[in-house]
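A.B. asks: Just so you know, the sequences run in chain order A and B.
Following this note's numbering, the numbering of the first sequence begins with 1 at its first residue and continues without gaps.
Following this note's numbering, the numbering of the second sequence begins with 367 at its first residue and continues without gaps.
Here's a structure for you.
2 protein chains.
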Amino acid sequence: MRKRTISIATVAAEAGVGVGTVSRVLNGSNQVSEATRSRVLNTMERLDYRPLRSASSLSKGRTDAVGILVSVISRPSVMARLVGVIDVLSDAGLDAVVLNVENRAQLDRHLSSIIDQRRVDGIISISLRIPEERVTRIRKLDIPLVLVDNSLPNLPCVYIDDVAGGNMATKHLLSLGHRRVGFIGDNKHTGLGMSSSEDRYAGYLMALEAAGIEPDFDLVARGPHSSEAAAALTSALFELGKHRPTAIFASSDTLAVGVIKAAQHHGLKIPDDCAVIGFDNLEISSILDISTVNQPLLESGIKGASKMVSLLNGEIAKPHREELSLDVVPRGSSLGIQRNHPTKLYGVVEGPNGLQILQGGEELVS
Amino acid sequence: MRKRTISIATVAAEAGVGVGTVSRVLNGSNQVSEATRSRVLNTMERLDYRPLRSASSLSKGRTDAVGILVSVISRPSVMARLVGVIDVLSDAGLDAVVLNVENRAQLDRHLSSIIDQRRVDGIISISLRIPEERVTRIRKLDIPLVLVDNSLPNLPCVYIDDVAGGNMATKHLLSLGHRRVGFIGDNKHTGLGMSSSEDRYAGYLMALEAAGIEPDFDLVARGPHSSEAAAALTSALFELGKHRPTAIFASSDTLAVGVIKAAQHHGLKIPDDCAVIGFDNLEISSILDISTVNQPLLESGIKGASKMVSLLNGEIAKPHREELSLDVVPRGSSLGIQRNHPTKLYGVVEGPNGLQILQGGEELVS
DNA sequence: TTATGCCATGGAACCGGTTCCGAATTGGGA
DNA sequence: TCCCAATTCGGAACCGGTTCCATGGCATAA
């Protein structure tokens, strides 16, 4: 009975060289003569030999994989970041191990298994706050950690200034003359330390104060992160009668959709009866013509993953901490007039099987 | 200098037992006396010992990881399936290695690295057709392969009948009295073998034929998978004047959004001037009140991943091949009944059940 | 010719768990 | 008291690459 699996030893024997030489060929060492190299390569080809990842991992001491901790993966904003991360890692030849975290217990479980068993060479955390003690442990083990949409001192991270963003959004509404501006946000304590909604709320308060407006906490409501929940909360605000808000800042576009729904339900015209602004600039806000605060989601993932790649190559992540910029995207839900047309149409051309996009579309894959 | 890493040997020496015993404790063998077990556990605790994954992988011959091949991850329908897959794998203690595939070259690259290097124990393919020769290779290597939103003979898979779905959607429009029904779909050749759009088109043709309607290929258009592209294609159909379609079946909700946009642009009322139905029942279609064909996206991921877990446990995936059911979700974009209407988004619109509140909200995380 | 040095190479030791075989201990029954 | 079986345990061999050291060959310099 012949040995079933073809190992480096099989190749070495077959090619009449030592195992060391085969390994050197595998790793592209220049310590091998051209003649020997090609002989070994031929043998590998002939035997259909493939190196076993786990064996290599063991002796090299690294896995060539990166763990990605993701908070509530189904959220569109989180998804967009994840896409960026995965693409960069993939290009760098690193495996992306995705770990979905929906509660504190899951976070702990994933962190233990990932960190302690050294399943990955580095960890990227998306929109998730890693507990203090875990960070120190990760540091002690010398495992690179990059934060995306989050920030901790002395750690490489890519983040935005949510307070400033909340401020910008609220100022936008104030600048349109609104005085009774409501706020719809996420619940405070999710156990995952996602603070963006609260930070945006802080910015909201700042803007009110700067405008000399006393905040009315009756116009502030928090709930689960879904448009249905936001609709319910908003509905309650609208029932305040003459004390109802004339404008609402929703801490994310998903919530803003709920606000719009509630307005429809109450027969309120947008933006005349109630102006609305969201946050994130998701595709939905463009489709529904909802004003929002743009933040570079995909880019945050790309930049974060790039930092990780640098760190794993032993380089220093160039801008150690990177703040991405925000800007208000005014649309029909706050401005009276519909400024730009919701749909920009592309030129089309006749094709054999109907119509094909001529330009501006997604690139055609072969 | 003491050895830095704490291995099983360190623990064994410290606890005064053999390495075999420590390993047995690690793996929960019942061949260890209670006294010894607790002594070893104490020592492990004291030394803060953690087993190294890659070492275990090497000797056990498995990685406890599953590769997930994903076609164009940013598509909402694909995302939803992915979420289901990740959750199930995570519960089973398996790593989810996500591989985004956007073109044929990437598919080949990922398949090679994943399969040949045995980086994973099994492969789940989402909305992606694996080339024939790869399938045979995977089979030969005895690596479990599960298809989600795809189907091949003799392979475990979870799929829908896209032809039937297209038929249902088109029939729905026909039943409303439409005779000139257009079709907006994806480009035929993406190199990734995603055939759902074409299958739905086949269903569309079937429905027309069953109704005794000669298909008008001027009403059929294909392009990249984006609402902008769909809007452009639809726009061209609307410019056919009196020959324009009175109803359109878009092969996905994303495309249906584009159809709606184009209608707005041309000042056409929906559904009066043009009825629309999409496919997938994404959240957006519910928000925009677009009729659609519902398919269980999350469920497909869950079921697919469950099959994988079974296979890795040496069991047989119970229903080897599983077809999930479809149903038409009639909404305002096709029914005459006026409900929340996208074209009147910011107008006053009364809806019979326009708002669903106070139920079905996201569960609070502790 | 001999000394010096570089290059290519073979192969043992090693990475850190797992597994299996054989040995030691224990307990029960005759 | 002795024997046999069951239980528990130690440790060598092994998984399949990587690395480092020793070696032999060849060319160049002395």
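Backbone N, C-alpha and C define an ideal beta-carbon position, used for all residues, glycine too.
DSSP state of ALA683(B), grouped into three classes?
C.D. replies: The sequence position of residue 683(B) within the second sequence is 317, counting from 1. It is coil, neither helix nor strand.
A.B. asks: Taking DSSP's pairing of strands, which residues face ILE277(A) in a bridge?
C.D. replies: In the first sequence, counting from the first residue as 1, residue 277(A) sits at position 277. Its beta-bridge partners are PHE249(A), SER291(A).
A.B. asks: What in chain A is Cβ-close to ALA375(B), meaning under 9 Å?
C.D. replies: On the second sequence, residue 375(B) is found 9 positions in, with the first residue counted as 1. By Cβ distance, chain A contributes nothing, its closest Cβ being about 15 Å from ALA375(B), past 9 Å.
A.B. asks: For THR620(B) versus ALA641(B), is the C-beta distance shorter than 8 Å?
C.D. replies: Working through the second sequence from its first residue, we reach residue 620(B) at position 254. Working through the second sequence from its first residue, we reach residue 641(B) at position 275. Not in contact: THR620(B) and ALA641(B) (Cβ atoms no closer than 8 Å).
A.B. asks: When the Cα atoms are used, what is the spatial distance from GLY267(A) to LYS261(A)?
C.D. replies: Working through the first sequence from its first residue, we reach residue 267(A) at position 267. Working through the first sequence from its first residue, we reach residue 261(A) at position 261. If you take the alpha carbons of GLY267(A) and LYS261(A), they lie about 10 Å apart.
A.B. asks: Below 8 Å on C-beta distance, what does PRO497(B) contact in chain A?
C.D. replies: Position 131 of the second sequence, counting from 1, holds the residue named residue 497(B). Near PRO497(B) there are no residues of chain A at all, since even the closest Cβ is about 14 Å away, more than 8 Å.
A.B. asks: Rounded to whole angstroms, what is the Cα-Cα separation between ARG200(A) and ILE496(B)?
C.D. replies: Here residue 200(A) refers to the residue found at position 200 when the first sequence is read from its first residue. Here residue 496(B) refers to the residue found at position 130 when the second sequence is read from its first residue. Approximately 45 Å between the Cα atoms of the pair.
A.B. asks: Which two residues bound the contiguous alpha helix (DSSP H) that contains LEU571(B)?
C.D. replies: What you label residue 571(B) is simply residue 205 of the second sequence in a count that begins at 1. LEU571(B) -> alpha helix (DSSP H) spans 562–576.
A.B. asks: Between the region 267–284 of chain A and chain B, which residues of the former have CB atoms less than 7 Å from a CB of the latter, in chain order?
C.D. replies: Cβ contacts with chain B come from GLY267, LYS269, ILE270, ILE284.
A.B. asks: State the DSSP-derived secondary structure class of ILE452(B), mapped to helix, strand or coil.
C.D. replies: The residue given as residue 452(B) occupies position 86 in the second sequence. DSSP places ILE452(B) in helix when its eight states are reduced to three.
A.B. asks: Let me know the secondary structure DSSP gives GLU665(B) once reduced to three states.
C.D. replies: The residue labelled residue 665(B) in the question sits at position 299 within the second sequence. Looking at GLU665(B) - three-state DSSP - the assignment turns out to be helix.
A.B. asks: Let me know the alpha helix (DSSP H) ranges lying completely inside the region 66–146 of chain A, each 4 residues or longer, listed in chain order.
C.D. replies: For the region 66–146 of chain A, whole alpha helix (DSSP H) runs of length 4 or above, ordered along the chain, are 76–91, 104–111, 132–140.
A.B. asks: At a Cβ threshold of 8 Å, is MET79(A) touching chain B?
C.D. replies: Position 79 of the first sequence, counted from the start, is the residue given in the question as residue 79(A). It does; some Cβ of chain B falls within 8 Å.
A.B. asks: Note down, in chain order, each residue of its chain lying with its Cβ closer than 7 Å to the Cβ of ALA573(B), except the 5 sequence neighbours on either side.
C.D. replies: As a working mapping, residue 573(B) is identified with position 207 in the second sequence. Counting only Cβ-Cβ distances below 7 Å, and skipping sequence neighbours, we find ASN533, THR536, LYS537, LEU540.
A.B. asks: For VAL514(B) versus ILE492(B), is the C-beta distance shorter than 8 Å?
C.D. replies: If you number the second sequence from 1, residue 514(B) lands on position 148. If you number the second sequence from 1, residue 492(B) lands on position 126. Taking 8 Å as the Cβ cut-off, VAL514(B) and ILE492(B) qualify as a contacting pair.
A.B. asks: Would you please state the rounded distance, in angstroms, between the beta carbons of ILE650(B) and ILE284(A)? I believe it to be under 8 Å.
C.D. replies: Within the second sequence, the letter at position 284 stands for residue 650(B). Within the first sequence, the letter at position 284 stands for residue 284(A). 6 Å between Cβ atoms; contact.
A.B. asks: Whose C-alpha, out of ARG118(A), SER306(A), LEU237(A), THR292(A), is nearest the C-alpha of HIS320(A)?
C.D. replies: Looking up residue 320(A) in the first sequence gives position 320. Residue SER306(A) is the option with its Cα nearest to HIS320(A).
A.B. asks: Specify, as a first and last residue, the run of the beta strand (DSSP E) that PHE604(B) falls within.
C.D. replies: Position 238 of the second sequence holds residue 604(B). No beta strand (DSSP E) contains PHE604(B), which is instead part of the alpha helix (DSSP H) from 593–604.
A.B. asks: Mapping DSSP to helix, strand and coil, what is ARG428(B)?
C.D. replies: Along the second sequence, read from residue 1 onward, the residue named residue 428(B) stands at position 62. If DSSP states are grouped into helix, strand and coil, ARG428(B) belongs with coil.
A.B. asks: Where does VAL241(A) sit, in a helix, a strand or coil, going by DSSP?
C.D. replies: Your numbering for residue 241(A) matches position 241 in the first sequence. Per the sequence presented here, residue 241(A) reads as Gly, with Val not at that position. Of the three classes helix, strand and coil, the one that applies to GLY241(A) here is helix, per DSSP.
A.B. asks: For PHE549(B), write down the residues that DSSP places opposite it in a beta bridge.
C.D. replies: To locate residue 549(B), count along the second sequence from 1; it is residue 183. Answer is VAL586(B), PHE615(B), bridged to PHE549(B).
A.B. asks: Would ASN660(B) count as contacting chain A if we go by Cβ distances under 8 Å?
C.D. replies: Here the question's residue 660(B) lines up with position 294 in the second sequence. No - not a single Cβ of chain A is within 8 Å of the one on ASN660(B).
A.B. asks: So, helix, strand or coil for ASP638(B), using DSSP?
C.D. replies: Position 272 of the second sequence, counting from 1, holds the residue named residue 638(B). Correct three-state label for ASP638(B): coil.
A.B. asks: Using the beta-carbon of each residue, which ones in chain A are nearer than 8 Å to THR734(B)?
C.D. replies: Only positions 367 to 732 of chain B appear in the structure, and residue 734(B) is not among them; the question remains open.
A.B. asks: Decide yes or no for the touch test of the region 656–671 of chain B against the region 540–551 of chain B: beta carbon pairs closer than 8 Å, at least 3 of them.
C.D. replies: Cβ pair count under 8 Å is below three, so no.
A.B. asks: For the beta strand (DSSP E) containing VAL11(A), name the first residue and the last one.
C.D. replies: Taking the first residue of the first sequence as position 1, residue 11(A) is located at position 11. Where VAL11(A) is concerned, there is no enclosing beta strand (DSSP E), although the alpha helix (DSSP H) it sits in stretches over 8–15.
A.B. asks: Using a beta-carbon distance below 8 Å, is ASN533(B) in contact with chain A?
C.D. replies: Translated into positions along the second sequence, residue 533(B) becomes position 167. Cβ-Cβ to chain A under 8 Å: no for ASN533(B).
A.B. asks: What residues in the region 37–55 of chain A bring their beta carbon closer than 7 Å to a beta carbon of chain B?
C.D. replies: Cβ contacts with chain B: ARG50, PRO51, LEU52, ARG53, SER54, ALA55.
A.B. asks: Quick check on the DSSP output: the beta strand (DSSP E) that includes VAL158(A) runs from which residue to which?
C.D. replies: Here the question's residue 158(A) lines up with position 158 in the first sequence. 157–159 is the span of the beta strand (DSSP E), which, as asked, contains VAL158(A).
A.B. asks: Consider the Cβ of ASN150(A): report whether some Cβ of chain B lies at a distance smaller than 8 Å.
C.D. replies: Position 150 of the first sequence, counted from the first residue, corresponds to residue 150(A). Output row for ASN150(A): interface = no.
A.B. asks: Return no unless some Cβ of chain B is closer than 8 Å to the Cβ of ARG118(A).
C.D. replies: Reading the first sequence from its first residue, position 118 is the one you call residue 118(A). Yes, ARG118(A) counts as interfacial toward chain B.
A.B. asks: Taking only beta-carbon positions, decide if ASP582(B) is within less than 8 Å of chain A.
C.D. replies: Working through the second sequence from its first residue, we reach residue 582(B) at position 216. Chain A, which has no Cβ nearer than 8 Å to the Cβ of ASP582(B), makes this no.
A.B. asks: Leaving out the 5 sequence neighbours to the left and right, which residues in its chain are closer than 6 Å to ASP121(A) when beta-carbon positions are compared?
C.D. replies: What you label residue 121(A) is simply residue 121 of the first sequence in a count that begins at 1. Closer than 6 Å at Cβ, skipping near neighbours: ARG62, THR63, LEU312.
A.B. asks: Do ILE290(A) and SER227(A) have their beta-carbon atoms positioned less than 8 Å apart in this structure?
C.D. replies: Your numbering for residue 227(A) matches position 227 in the first sequence. Your numbering for residue 290(A) matches position 290 in the first sequence. Not closer than 8 Å, so no.
A.B. asks: Identify the continuous beta strand (DSSP E) that holds VAL398(B) and give its terminal residues.
C.D. replies: The residue labelled residue 398(B) in the question sits at position 32 within the second sequence. That residue, VAL398(B), is in no beta strand (DSSP E); it is neither H nor E in DSSP.
A.B. asks: With ASP528(B) as the anchor, note down where its alpha helix (DSSP H) starts and where it stops.
C.D. replies: Along the second sequence, one-based indexing puts residue 528(B) at 162. First-last of the alpha helix (DSSP H) with ASP528(B): 528–541.
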